[in-house]
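Protein chains in written order, with our numbering: chain P, 27 to 155; chain F, 27 to 155.
The structure appears right after this line, and notes come after that.
2 protein chains.
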Amino acid sequence: MSSQGWSIAEAADALGLSVDTLRYYERDGLLLRPVPRGGSGHRRYEEVDLRWVELVTRLRSTGMPIRDVRRYADLVRAGAGNEADRLDVLRNHRDQVLRQLAEVTTHLAAIETKIATYEDRLAPREKTA
Amino acid sequence: MSSQGWSIAEAADALGLSVDTLRYYERDGLLLRPVPRGGSGHRRYEEVDLRWVELVTRLRSTGMPIRDVRRYADLVRAGAGNEADRLDVLRNHRDQVLRQLAEVTTHLAAIETKIATYEDRLAPREKTA
DNA sequence: GGTTGACCTGGAGCGCGCTCCAGGTTGTTG
DNA sequence: CAACAACCTGGAGCGCGCTCCAGGTCAACC
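In structure tokens form, the structure reads like this:
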């Protein structure tokens, strides 16, 4: 058990990411701050770090590119005063996700039709009436 | 106007893909057959080619990797007898897409909550009752 | 206090899905 | 028939998002 915070392995585990990915996100400016270090130079993730990475994960896994996540992190890091800009980023992303969902849903319907076709073709002992 | 079929540029335009992508798909074995050529060696896409690429597009844009599309194309190309295998591929993909949709939807909800937070913070002249 | 495993950094490597290029042939239009 | 656009092939290049590696330090347990 650690004095405080989580090691990078513990954080990775909790977040469902790899330790490499965590270090990569930090290097690439996706985090709000450099993750604090213990005396040894090893990272000690705190609650606030984990929660931020959680948000990053949500943005990433809804398809936001790394570079946009970084721009958003830049805004938040800049501090109070640019909330309208942040809102813009989030709204644009939401709209993008909605468009994406709609498109996938449409394509999915077509694929399910195709599945139904094969199912019909492959159901020899289906009752017909 | 062409004697018959569509040039690669026309096909690309109709399908919303680039000509490079169309050639790439063909090279990579995603199509059911080599696209037929006119006397000059230029491709002439026929209805059946366009319809197949349309399906490929649906699979691709719902996230099926190129290699899986190729495996599916291989099955269809092999002719009658493997319908159960094709069905398997499609069903697995559908399930994958559904999982993906569920995940994105969940993340989206969290993002919308965050948007709402910013909206509240930025709405000074909101009526309170 | 020695060994073993976690962690560190900087940088290279990789799989994916295109996209672009060179160098050449063909089709079309004025 | 000249000029210019569209097409061809084989192969290189690229942006993305990690992932892995080397070479070294550190910690934690027996």
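Where a beta carbon is used, it is the ideal one built from N, C-alpha and C, also for glycine.
Everything numeric in this text was worked out from a predicted model, so none of it was measured.
- TRP32 (chain P) is bridged by DSSP to P:TYR71.
- If you look at THR47 (chain P), you'll find it in the alpha helix (DSSP H) that goes 45-53.
- Under a 10 Å Cβ-count criterion, HIS68 (chain F) is classified as exposed, with fewer than 16 other Cβ atoms of the shown protein chains found around its own Cβ.
- DSSP, reduced to helix, strand and coil, places ARG77 (chain P) within a helical segment of the structure shown.
- Taking 8 Å as the cut-off, the Cβ atoms of VAL79 (chain P) and LEU41 (chain P) count as close.
- By the criterion of a C-beta distance shorter than 7 Å, ARG86 (chain F) is surrounded in its chain by VAL95, once the five residues flanking it on both sides are discounted.
- Within the same chain, HIS119 come within 7 Å of MET90 (chain P) by CB-CB distance, once the 5 residues on both sides are set aside.
- Taking a C-beta cut-off of 8 Å against chain F, the contacting residues of the stretch 63-82 of chain P are LEU81, listed in chain order.
- VAL102 (chain P): member of the alpha helix (DSSP H) spanning 92-104, first to last residue.
- At a C-beta separation below 9 Å, ARG97 (chain P) has no neighbours in chain F, since its nearest C-beta there lies roughly 15 Å away.
- Within the DSSP secondary-structure output, ARG63 (chain P) pairs in a beta bridge with P:ARG69.
- Residues of the same chain with a CB within less than 6 Å of the CB of ASP75 (chain F), apart from the 5 flanking positions on each side, are VAL61 in chain order.
- When Cβ-Cβ separations below 8 Å define contact, TYR144 (chain P) makes contact with chain F.
- Counting C-beta pairs with one atom in each stretch, the stretch 51-58 of chain F and the stretch 92-112 of chain F have three or more that are closer than 8 Å, which means they touch.
- Contact check for TYR50 (chain F) and VAL82 (chain F): beta-carbon distance about 11 Å, past the 8 Å limit, so the pair fails to qualify.
- DSSP places LEU148 (chain F) in no alpha helix (DSSP H); its state is neither H nor E.
- When secondary structure is reduced to three states using DSSP, THR139 (chain P) falls in the helix class.
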